[in-house]
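Numbered per this note's numbering, the sequence shown finishes at 277, counting up by one with no gaps.
From the three backbone atoms N, C-alpha and C, an ideal C-beta is built for every residue, glycine too.
See structure below.
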Amino acid sequence: MRKKARAKAAAAKPLPPADAPAPALVGTDDDIADQLFAALDSGPAPDPAPAPAPAPAPPSASSPPHGPAAPRPSRQKARLARREQQQQQLRDSAAAEAALLPDPAAAEAADIAAQCAQLNVALHHVPPDGHCLYAALADQLNIRQPAPQPYSASQLRAAAARYMRAHPDDFMPFISDLDVLAAPLPSPDAPSANPTDKYACYCDAVEHSALWGGQPEILALSHVFRTPIHIVQSASPVLPIGDHYTDHPPLLVSYHLKMYGLGEHYNSLRPIS
5 MRKKARAKAA AAKPLPPADA PAPALVGTDD DIADQLFAAL DSGPAPDPAP
55 APAPAPAPPS ASSPPHGPAA PRPSRQKARL ARREQQQQQL RDSAAAEAAL
105 LPDPAAAEAA DIAAQCAQLN VALHHVPPDG HCLYAALADQ LNIRQPAPQP
155 YSASQLRAAA ARYMRAHPDD FMPFISDLDV LAAPLPSPDA PSANPTDKYA
205 CYCDAVEHSA LWGGQPEILA LSHVFRTPIH IVQSASPVLP IGDHYTDHPP
255 LLVSYHLKMY GLGEHYNSLR PIS
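Shown next, in the form of structure tokens:
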């Protein structure tokens, strides 16, 4: 009974402050034990457990899972991107269609080869150096009308120029200003030069330069050698020049527009023996 009364009395006492020194223990052993139990029972209360942290909210469908929202592209940039994509699709489509087209040079070569097979001739390549027409015709003359001295391109140039100078009325209407541009004009006053002077300069260029030859020069050489000249070309029938000459077989040359990137070119067509 006495112990219970002392315990109740001790419980009724106010708690000492947390930083107060512990009371001295005096009395008998039983009293000291009772005081220790009372001190333990009256110790500071434990700290309350911390409240659980709130669970993070799940990301919404409209917000990115990490970091701030990325800036949205402007409407103008989106339109430009769509337009560039459409243009690229058009370019790709055009390139695919072009790849399906036949090669113009290959088609021209195949057509001329088929005509050569019908004529029983073989194509003899001539260098594309500006003298190809004269070199091709010189090769034909050396095969079909051989002379004691072989013909050369320079000899045929001189022969064509002499005939054209002697017959200006037959050729002057067919020589354009574009043709004359390849010839050195007599003075800086080139635009004021009269047609006769321009034609004379053109004939000089035929003889002394690498000016390309065409139908006027072919016609002149047909007259010089009194021989027909036939031109085999793609997608067209054989073009005859000077067929009124019948003493010699025609000279055969091929005309190419796609063989080289420089433009027109002539080759010799030799007979197959």
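With a cutoff of 8 Å on beta-carbon distance, L137 and F229 are scored as not near each other. Secondary structure at S258: strand, using DSSP grouped into helix, strand and coil. In this structure, V210 lies away from R274, with their beta-carbon atoms at least 8 Å apart. Per DSSP, N146 lies in no beta strand (DSSP E); the unbroken alpha helix (DSSP H) holding it starts and ends at 136 to 148. For R274, the secondary structure class from DSSP, reduced to helix, strand or coil, is strand. Taken through DSSP and simplified to helix, strand or coil, A239 comes out as coil. Taking the CA atoms as reference points, N198 sits about 12 Å from M176. Going by DSSP, A157 is part of the alpha helix (DSSP H) stretching over 157 to 170. H234 carries a strand assignment under DSSP once its states are collapsed to helix, strand and coil. When M168, V125, A139 are compared, the shortest CA-CA separation from A224 is found for M168. DSSP places H212 in the uninterrupted alpha helix (DSSP H) bounded by 199 to 212.
One Cα belongs to A140, the other to Y270, and the distance between them is close to 7 Å. By the Cβ test, the segment 102 to 121 is in contact with the segment 231 to 249, since at least three Cβ pairs between them sit closer than 8 Å. Apart from the 5 residues on each side of it in sequence, S156 sits with its Cβ closer than 7 Å to the Cβ of A142 in its chain, given in chain order. Remark: C-beta atoms of Y259 and P232 do not approach each other more closely than 8 Å. The beta carbon of Y264 sits closer than 6 Å to those of P132, all from its chain and outside the five residues before and after it, given in chain order.
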